[in-house]
Structure formats: C-alpha cells, structure tokens
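Residue numbers (UniProt numbering): 1 to 525.
Where is the CB? At the ideal position from N, CA and C, for every residue including glycine.
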C-alpha cells in the first residue's frame, strides 16, 4: 500500500513501507485528550469504536510544547502516534489521518465498512505556513441554509483552514436576529427579487422570484460550536456604514434623511448609507452586543468597505455632524464612525476587523484589516501599521468564473483559473518591507466566496471546489508545483469530495447537468 495523495501538502512525508490494519477497537491514550465529538471523528473516519485507556494504546496523543501551534508529527506504524503542542495540532493530524483512511472517511454519514481500514505506514511532520487561514462566506446576498454552512465548515476543516468569516448583513438582506430590533429579520431578511444577469447591452435581467431567510440565534450558536469542534473560528461581520440598505429599509432613521427604501434587489454599491448620528451609533452598539453574545470569536468584523459619500456631502445635517466632532470633511466621518464601534468592541475585550477602505487616520491601528484590492493595497495597510490579512480579489475571490469559457454556469464577469490562484505570490518583498518598517504583521490569508451570482448550493459548490483545496494548500504549505497539486487532485482528492457529496467543477470543465444555458443566453457568452 502506498501513501495517499495529501491535500494540503505536508511539510515532509516519508513512506516507511507496508501498511497497518485499524483494530476492531481503537484504544486511545496520552496527555492531549479528545472531546466526545472528536472521538466520534476517529470512530467515523477509521471505522472502529474507541476506548480511552491508560496503557497499551493504539492511538497515542503526546504533547510536545516545542512544536508551534497547529503543527504536528504523525507516525503510522504498528500503532499511530501523534505529537502536537495542543488540541489544534491534534485536529490537524487527525485530518491527515482521515485522508489515509480512504474517501469513505469523507462521507457525510458513515456507513459500515465492508473490510477493516488499512493505513499506509508513513512518517509526517507538518506545520502551517500562515497562522490565520480563513474563508469568507457571503450568506447575505443569497441566504445559505444552515445545513450547507455546516458542511462548508466541515470541508474547510478537512483542508486545515482555521476561520470562517461569516458575512451576515448587506444591502440585499440581514441574516441574524437582533432582539432589540426585530424588524431586521422580520422585514429586512427578505427582498422582492434578485438580479440574475447583465445582458451585453446593459439590460438587467431579474430572477422573477422573492428571496430571503435568516438564522435563529440557536442556529448561529450551533454553527459556532460545530466549527469549534473542528478547530475553526467563526468571525461574524456586520457591515457598516455602507452596504446597509436592508437595515435602513427596516429602520429608516438609520439612513441619511430617513429614506423610504426597500431591501435592494441589485448588486454593486448603493449610495444609501448610514447616517453617522448618535442614534445610529447606539443602534449598532446594541447590535454588536447581541452579536458578541452569540459569537465568542476574538475578532468581530464591522466591514467599512465601499462607502459612497454623496448623500453625506449633500446633507446639511451630516456636514454639521462632521464639524461638531472636529473633522474637516464629511469623508473623514467614515473612519470616525468606525472608530466609535472599534472602541465599543475593544471595551468588551474583542478586536475589530475591517476591510481595507476603512483605513484612515481616525481608525485605531489595533483593528485587523482584510485587504481585498491587490498587493499594493496590502502593502499600504501594513505600512500604515495595521496587521493585515491578504484577501486580494485578483487571486482569492472564488465567485469569479473558473475559466473564460461560455460554458461556465455563472453570470459573474471576472475570471480566476485554479492555477492562477494556486500560483499566487501571497507575500511579496514589498509586503515584507512594509511590515518590517511599521512593525505590523502579515496576519494571514483569506479566500472569499461572494454570492451575488451564486444562487444555489450547486453553483456555490461549483465555484468553491476544488479551488478551495488550491487555496488551502496556498495557505498551509510552502509554494509548490501546480502539476503536482493537480496530480494529487486526480489521484484521490476529488474522490474525497465525491464522497462528501460536493458538486465540484471537474478539472476539464462543467458536466452537462452543471451547465446554465439560461445564464449563457442572458449574458450573450
């Protein structure tokens, strides 16, 4: 038996020859205990029940404080030995062991094995390239049902990703209940229609059906707990002061001039933004308090991207507000407004996350920045003293079409081939120089799955996979050769996705059932 293809690629892996059969009962011992749920992972993946013992263990978990957080050693011989500094390293080792156990270990519901599981004997040493390895999921443009979110987390964890950035609010919908403001979900979680495609002549075509949905707080707590058992932190985002039409539709006083607006049915940037008033600030302080009650994440994201200033500029009240708080222009209210919420978040022992447009003289450098523009944008944020997560749209936006073929079943215009993503130079010399000079940190890397054009689970699967596997290797492993990565996909990793029920994009293009002739006709491709 040979070692299976591993994704993401480990730091070092050596076959030692032969294989070992998983025993009828997996006896576990060591000084790194597993939770009940994590023991179930072992049982499901290896096909045998487990027993905790003090001696004569088949699976030994040993603490090694000399290892960095998240790294591990895995030795598969007559027994299996895992060494790690803590729980996260053990989970990463178990995910690697899962790949040794065959594609059946990725099934959503484990079926009885027809034969004992056999594992190739090997020695692996492994450590993450980036400490923060995130994936962003937009559940606001199109609502993503809880079951799909849970599966998304499970597959992210299988690829050793560490965080799910959950984009909960937008112009097009609000997805989290806030007890103090019930209309945010009673009214603002639904819209009358959705933009389906742009025709070549600029004509907008709509889906012709309403859309909506929201999670209960219990749903969100379940998502958080499910992720935590897999070593994934859920970072919630409440996007302000732009991208707030849904909230304004429910509570018009939040908007400049209290506009009468509906939840938006288009995509892009809407110039209806929040009024930077005391009322609005108090409203969102209350919102954030309820968010922090549900999400224990050390980072709470408040957006700050794509803020058009026209309505602020045209409002005498907003111009006076800028003067009253000591600013020279209404544009400076952008950073000032966010800084008030950053202070609120920090007063509760958390850290604020923002998109890169929020960076300004008013924004504390304690904020964590996602720079989504390009390498120059990452450098600028680092140079200004902000710890920055590389989130560049050019290489890390999974909603972009996987090729420029007219067969691609999405109305999204930009293109991101998987090879381009895989070969992304995620840390440039300019980034290192900017970080060294300012003392800021390149905090990690994050892929984004926006859902404007991704209206079904099938199309979301198609766009996310297997590119998420390429991203995971970019985030975990040192740069490798794309041909080797593709060989490992074809050699077994796609079979794991099949077992997990993922409707991924085949490497050679979409299957006939994945085509969207309606979208192709509307876009004229």
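Taking the alpha carbon of residue i as the point to measure from, which residue in the options has its own alpha carbon closest?
{"i": "residue 344", "options": "331, 374 and 290", "result": "290"}
{"i": "residue 520", "options": "198, 294, 496 and 311", "result": "198"}
{"i": "residue 217", "options": "404, 202, 236 and 229", "result": "236"}
{"i": "residue 213", "options": "146, 367 and 511", "result": "146"}
{"i": "residue 4", "options": "422, 50, 101 and 295", "result": "101"}
{"i": "residue 104", "options": "44, 93, 123 and 49", "result": "44"}
{"i": "residue 130", "options": "113, 108, 70 and 139", "result": "70"}
{"i": "residue 454", "options": "6, 494, 482 and 514", "result": "514"}
{"i": "residue 517", "options": "456, 501, 430 and 410", "result": "410"}
{"i": "residue 316", "options": "394, 473, 257 and 60", "result": "257"}
{"i": "residue 106", "options": "525, 492 and 507", "result": "492"}
{"i": "residue 84", "options": "346, 233 and 124", "result": "124"}
{"i": "residue 370", "options": "448, 320, 322 and 325", "result": "448"}
{"i": "residue 460", "options": "408, 486 and 97", "result": "408"}
{"i": "residue 143", "options": "451, 222 and 155", "result": "451"}
{"i": "residue 215", "options": "152, 140, 153 and 227", "result": "140"}
In terms of residue numbering, what span does the beta strand (DSSP E) encompassing residue i cover?
{"i": "residue 133", "result": "132-138"}
{"i": "residue 446", "result": "442-449"}
{"i": "residue 198", "result": "195-198"}
{"i": "residue 388", "result": "388-390"}
{"i": "residue 523", "result": "Run containing residue 523: none in the beta strand (DSSP E); it sits in the alpha helix (DSSP H), 517-523."}
{"i": "residue 60", "result": "59-63"}
{"i": "residue 73", "result": "72-76"}
{"i": "residue 19", "result": "12-21"}
{"i": "residue 166", "result": "163-167"}
{"i": "residue 316", "result": "Where residue 316 is concerned, there is no enclosing beta strand (DSSP E), although the alpha helix (DSSP H) it sits in stretches over 316-324."}
{"i": "residue 27", "result": "26-30"}
Got a sec, what are the start and stop residues for the alpha helix (DSSP H) residue i sits in?
{"i": "residue 50", "result": "From DSSP, residue 50 is part of no alpha helix (DSSP H) but of the beta strand (DSSP E) over 50-52."}
{"i": "residue 458", "result": "457-464"}
{"i": "residue 299", "result": "Taken as a continuous stretch (DSSP letters only), residue 299 belongs to no alpha helix (DSSP H), being part of the beta strand (DSSP E) at 299-303."}
{"i": "residue 438", "result": "429-438"}
{"i": "residue 148", "result": "146-158"}
{"i": "residue 395", "result": "393-396"}
{"i": "residue 514", "result": "Where residue 514 is concerned, there is no enclosing alpha helix (DSSP H), given that its DSSP letter is neither H nor E."}
{"i": "residue 472", "result": "467-476"}
{"i": "residue 483", "result": "482-488"}
{"i": "residue 499", "result": "494-499"}
{"i": "residue 141", "result": "Taken as a continuous stretch (DSSP letters only), residue 141 belongs to no alpha helix (DSSP H), as it is neither H nor E."}
{"i": "residue 453", "result": "Residue 453 -> no alpha helix (DSSP H), and no H or E assigned at all."}
Answer yes or no: do residue i and residue j have a C-beta to C-beta separation smaller than 8 Å?
{"i": "residue 56", "j": "residue 14", "result": "no"}
{"i": "residue 389", "j": "residue 134", "result": "yes"}
{"i": "residue 167", "j": "residue 211", "result": "no"}
{"i": "residue 37", "j": "residue 186", "result": "no"}
{"i": "residue 412", "j": "residue 400", "result": "yes"}
{"i": "residue 327", "j": "residue 333", "result": "yes"}
{"i": "residue 477", "j": "residue 8", "result": "yes"}
{"i": "residue 435", "j": "residue 442", "result": "yes"}
{"i": "residue 92", "j": "residue 126", "result": "yes"}
{"i": "residue 440", "j": "residue 387", "result": "yes"}
{"i": "residue 467", "j": "residue 402", "result": "yes"}
{"i": "residue 294", "j": "residue 173", "result": "no"}
{"i": "residue 431", "j": "residue 375", "result": "yes"}
{"i": "residue 181", "j": "residue 251", "result": "yes"}
{"i": "residue 32", "j": "residue 59", "result": "no"}
{"i": "residue 314", "j": "residue 243", "result": "no"}
{"i": "residue 335", "j": "residue 368", "result": "no"}
{"i": "residue 538", "j": "residue 302", "result": "Because residue 538 is not part of the residues shown, which for the chain are 1 to 525, the question remains open."}
{"i": "residue 501", "j": "residue 12", "result": "no"}
{"i": "residue 276", "j": "residue 310", "result": "no"}
{"i": "residue 280", "j": "residue 274", "result": "yes"}
{"i": "residue 97", "j": "residue 74", "result": "yes"}
Tell me which residues share the same chain as residue i and place their Cβ nearer than 8 Å to its Cβ, disregarding the 5 neighbours each side in the sequence.
{"i": "residue 350", "result": "292, 297, 298, 299 and 300"}
{"i": "residue 118", "result": "1, 19, 20, 21 and 22"}
{"i": "residue 265", "result": "172, 191, 192, 193, 194, 195 and 206"}
Kindly list the residues whose CB is nearer than 6 Å to the CB of residue i, restricted to its own chain and excluding five residues on each side of it in sequence; keep chain order.
{"i": "residue 305", "result": "355 and 357"}
{"i": "residue 458", "result": "503"}
{"i": "residue 6", "result": "99"}
{"i": "residue 239", "result": "169 and 303"}
{"i": "residue 524", "result": "200"}
{"i": "residue 267", "result": "195 and 452"}
{"i": "residue 398", "result": "447, 449, 463, 464 and 467"}
{"i": "residue 183", "result": "250"}
{"i": "residue 39", "result": "50"}
Can you name, in chain order, every residue of its own chain whose Cβ lies under 7 Å from the Cβ of residue i, other than the five neighbours on each side?
{"i": "residue 415", "result": "400, 401, 403 and 404"}
{"i": "residue 260", "result": "252"}
Under a CB-based cut-off of 8 Å, is residue i close to chain B?
{"i": "residue 195", "result": "Looking for chain B here will not work: only one protein chain is present."}
* Ranges of the beta strand (DSSP E) found wholly within the region 195-276, counting only runs of at least 3 -> 195-198, 204-206 and 233-240
* Asked: Going along the chain, which unbroken runs of the beta strand (DSSP E) with 3 or more residues stay wholly within the region 327-374?
  -> 351-355 and 368-371
* Length-filtered (4 minimum) alpha helix (DSSP H) runs lying within the region 83-135 -> 87-100
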